[in-house]
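**Student:** Attaching a single structure in C-alpha cells format; questions to follow.
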Amino acid sequence: MVDTMIAVITPYLADMIGVEEIDVTFDHETCCAAGHNQAPTLTNTAEVARARIEARSHPNGAHVAKVVIVSYSGETWIQRYSEADDFGNLINLMLAEGQVHGEMVPGIGQALGEHVAHDAEGQLLTASFIDYALPRAAGIPMIEFTSAPVPSVANPMGMKGCGEAGSVGALAAVASTVQDALWDHGVWQADMPFTPHKVWELLTHGSVAAE
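Set out below in C-alpha cells:
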C-alpha cells in the first residue's frame, strides 16, 4: 500500500520541487530530494497533486430541451428532454440516473420560475413557497437518459462525479432554448427566470418593465 502511494506521489513531488523522479526520496512522513532544502509532507504533496487539472475526474454531458411557448400567455413548458452523460464507470446506473433526475429539477426551476425578490427596503418578498415559484411535478418532463461512460484515468476505478451535473445541464439547456425562441421575435437578450409574465412582456413589448 505504501509503495503504491509513493509511486503515485513521486511524479507530482518531482515536478513540484523541480527534480528528476529518481532523485526523490521519502523519510517517514516527509519527502526530499538531493540538493534541495524543501521537505514537503505527504499531505502537502497530496494537496498539490489534487490541484493539478489532470488529476481531476470531470464529468461530461449534453442536454437538449424542446420547449413550447404559448404566445398569448407567456406560459412555457418542456415538451421533450434528452441528455447523454459521461460519469465514467458506474457502480449503479439506476442511482446515477436518479441523481440526474433529481438535480435536473432545480435547473429547470431556476430557468423558468425561481427568483429571490426584495422590496425597496430590502425586505424579502419570496419568503415562503406561496411566493417562491418552485417547479411542480406536472411541469417536469420525462427524461430520455443515456449513459455514455468514458473511464477516468485519474483514479483506479475510472469513476467521475455526477453530483449536480443534472442541474448545470438543465439550466443551460432550458434557458438557451427559450432564449433562442425569443430571438426569432426580436428579443436578443433576456435574463432568467423566464416566468410567464416576463415571456409575455418580451413577446408583446420586446422588453420587460423594471422589476
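Residue numbering for the sequence shown is 1 to 211, as defined by full-length UniProt numbering.
Cβ coordinates follow ideal geometry from the N, Cα and C atoms, glycine included.
State yes or no: is the C-beta of Gly-74 within less than 7 Å of the C-beta of Pro-196?
**Tutor:** To locate residue 74, count along the sequence shown from 1; it is residue 74. To locate residue 196, count along the sequence shown from 1; it is residue 196. Cβ atoms of Gly-74 and Pro-196: closer than 7 Å.
**Student:** Name the DSSP bridge partner or partners of Leu-124?
**Tutor:** Reading the sequence shown from its first residue, position 124 is the one you call residue 124. Looking at the DSSP assignment, Leu-124 forms a beta bridge with His-118.
**Student:** Closest to Ala-175 by CA distance: which of Phe-145, Arg-136, Pro-106 is it?
**Tutor:** On the sequence shown, residue 175 is found 175 positions in, with the first residue counted as 1. Checked all of Phe-145, Arg-136, Pro-106; the closest Cα to Ala-175 is Pro-106.
**Student:** Within 10 Å of its beta-carbon, does Asp-184 have 16 or more other beta-carbons around it, so buried, or fewer, so exposed?
**Tutor:** For the purposes of this step, residue 184 is taken as residue 184 along the sequence shown, with counting starting at 1. Counting Cβ neighbours within 10 Å, Asp-184 comes out exposed, since fewer than 16 surround it.
**Student:** Would you report the Cα separation of Gly-35 and Ile-22, rounded to the nearest angstrom?
**Tutor:** Here residue 35 corresponds to residue number 35 of the sequence shown, with the count starting at 1. Here residue 22 corresponds to residue number 22 of the sequence shown, with the count starting at 1. One C-alpha to the other measures close to 13 Å.
**Student:** Work out the CA separation of Ile-6 and Ile-130 for me, nearest whole Å.
**Tutor:** The residue you call residue 130 lines up with position 130 of the sequence shown. The residue you call residue 6 lines up with position 6 of the sequence shown. Distance between the alpha carbons of Ile-130 and Ile-6: 57 Å.
**Student:** For a test of the three-state rule: what should DSSP assign to Ser-152, helix, strand or coil?
**Tutor:** Reading the sequence shown from its first residue, position 152 is the one you call residue 152. Coil at Ser-152, not helix or strand.
**Student:** If you draw a straight line from the C-alpha of Ala-133 to the C-alpha of Gln-110, how long is it?
**Tutor:** In the sequence shown, the residue the question calls residue 133 occupies position 133. In the sequence shown, the residue the question calls residue 110 occupies position 110. Using only the alpha carbons, I get a separation of about 9 Å.
**Student:** Give the DSSP-derived three-state secondary structure of Tyr-12 in the structure shown.
**Tutor:** Taking the first residue of the sequence shown as 1, we reach residue 12 at position 12. Helix, per DSSP.
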